[in-house]
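Chemist: Per this note's numbering, the sequence shown runs over residues 2 to 179. Yeah, the Cβ is synthetic: ideal placement off N, Cα and C, and Gly gets one too.
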Amino acid sequence: MSDHVIEFREPEDHGHFRRALGRFATGVTVVTTRTPEGKLEGLTVNSFSSVSLDPPLVLWSLQRRAPSLPGFKAAGCFAVNVLATHQKKLCRHFSTPREDKFTDVEHRLGQNGCPLVEGAIARFECRTENIIEAGDHLIFLGRVERAMHRDGEPLIFSTGAFWVPAAHPETVEAAARA
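Written out as structure tokens, the structure reads:
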């Protein structure tokens with residue numbers, strides 16, 4: 002195993018930076034909204050994170066050049082759907098540009114009007130609290146109005162590949178002793 006130490010200088014090497022970021026394992030979500038005109042928007046996002054328990058706040062980010070940006074900005078609400086291990090196809094589906102991403106995708110509208118993807122292991126229905134400019138992205142800060150979760154294993158993305166969770170050996174040993 003070799004270490005690749007990168008010092009960032011102008012111009013930055015985005016390839017090395019992306020590969021370094023890829024070492025951070027993350028869950029996979031589909032963030033959805035319904036525009037004021039009624040159009041359903043959705044995209045695969047791995048920048049989702051919790052921010053605060055009181056009040057309940059979450060965030061995610063979207064590229065400034067994303068075609069769905071105007072819809073998300075105008076909607077004032079969004080839903081975060083945490084994908085399960087069996088939903089890898091949905092991840093690919095929502096990361097591919099297409100006119101109607103909800104054709105052939107099981108979903109229903111949540112109380113805030115945003116699409117909720119069936120089979121997700123957690124969902125967060127949010128009201129947009131703030132949109133923060135950050136480099137080539139916008140950060141959406143949302144107040145969670147409703148949340149649900151169910152049993153299941155989350156889909157994980159790291160180093161350019163999908164992974165399924167496995168318990169750390171020490172966790173398994175501790176559970177066996179209990």
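#1: Under three-state DSSP, which class holds residue 127?
#2: Where does residue 103 fall in DSSP's three states?
#3: Could you pull the start and end residues of the alpha helix (DSSP H) that residue 96 belongs to?
#4: If distances are taken between C-alpha atoms only, which option among 92, 21, 86, 132 comes closest to residue 70?
#5: Can you name the residues that DSSP bridges to residue 50?
#6: In whole angstroms, what is the alpha-carbon distance linking residue 79 and residue 59?
#7: List the endpoints of the continuous beta strand (DSSP E) containing residue 79.
#8: Taking the straight line between their C-alpha atoms, what separation do you get for residue 172 and residue 115?
#9: If you reduce the DSSP assignment to three classes, tell me which class residue 108 lands in.
Modeler: Considering the structure as presented:
#1: strand
#2: coil
#3: 89 to 96
#4: 132
#5: 60
#6: 11 Å
#7: 78 to 83
#8: 38 Å
#9: strand
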